[in-house]
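Everything on this sheet refers to the single structure shown next.
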Amino acid sequence: MAALVLHSLVRWFIMFFGLWTVVNALTGVFGKRPYTPSDNRTNLFFMISCDIQLLIGLILYFTGPWFDKLKDLGNNMKDANNRFFTMEHLVMMLVAWILVHVGRTVVKNTEGDAAKHKRSLIFFGLVMLLIIAAVPWPFREAIGRPWFRWFN
Ligand code: HEM
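Under my numbering, read the sequence shown as residues 22 to 173, first letter to last.
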């Protein structure tokens, strides 16, 4: 399914721009750098990748078997794979998505380079931790998915 391939792929854009954003914030805080348009652009791309991923995720959620499983929640929550894709992945990623937007607004409305970098580190760092924790990496027991997928 094309949406699944895209969802798997966009994860790497999120990792790329997310890590770049966090590295920028770290060098900003510890290197006492000014907050530049390039810092702003990097976290904008991070946010846009998250927006695209949310959209594809919603398509997967409502066109796949997951949403239906909410009807028999009791039984489905006993299965780790069902529980993960029906609830855990969705909730953690939604929180991450909200925080990336809140983070951009907070940083935009913050005065001073040092304070902007510090808030970037707090918000975007937290977002990255949440996303990394909620991705079904191949080594995750019961819920693991491949590193890459491609169209066939
Ligand atoms: C924002 C960061 C997100 C990341 C990095 C992410 C990453 C992933 C990855 C890597 C997979 C496994 C894909 C595969 O099997 O190759 C996956 C599966 C899935 N994701 Fe996400 N996801 C995100 C957000 C969301 C959101 C917000 C939703 C729901 C609204 C969602 C719904 C799903 C569903 C339903 C599946 C399972 C698809 C299926 O096999 O039927 N994801 N996600």
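All C-beta atoms, glycine included, are put in the ideal place defined by N, C-alpha and C.
Remember, it's a predicted structure, so these values are computed and weren't measured experimentally.
- Distance from the CA of M36 to the CA of G95, rounded to the nearest whole angstrom, comes to 34 Å.
- Per DSSP, L91 is not a residue of any alpha helix (DSSP H), being assigned neither H nor E.
- Less than 7 Å separates the beta-carbon of L120 from that of F144.
- With contacts defined by Cβ atoms closer than 7 Å, V43 and I73 do not form a contacting pair.
- Judged by beta-carbon spacing, I77 lies within the 7 Å limit of A24, meaning their Cβ atoms are closer than that value.
- Counted as a single uninterrupted DSSP element, the alpha helix (DSSP H) harbouring W33 occupies residues A23 to G52.
- Secondary structure of K129 (DSSP, three-state): helix.
- Setting aside the 5 residues that flank it on each side, R140 is surrounded in the same chain by V127, V128 and T131, each with a C-beta closer than 6 Å to its C-beta; the list follows chain order.
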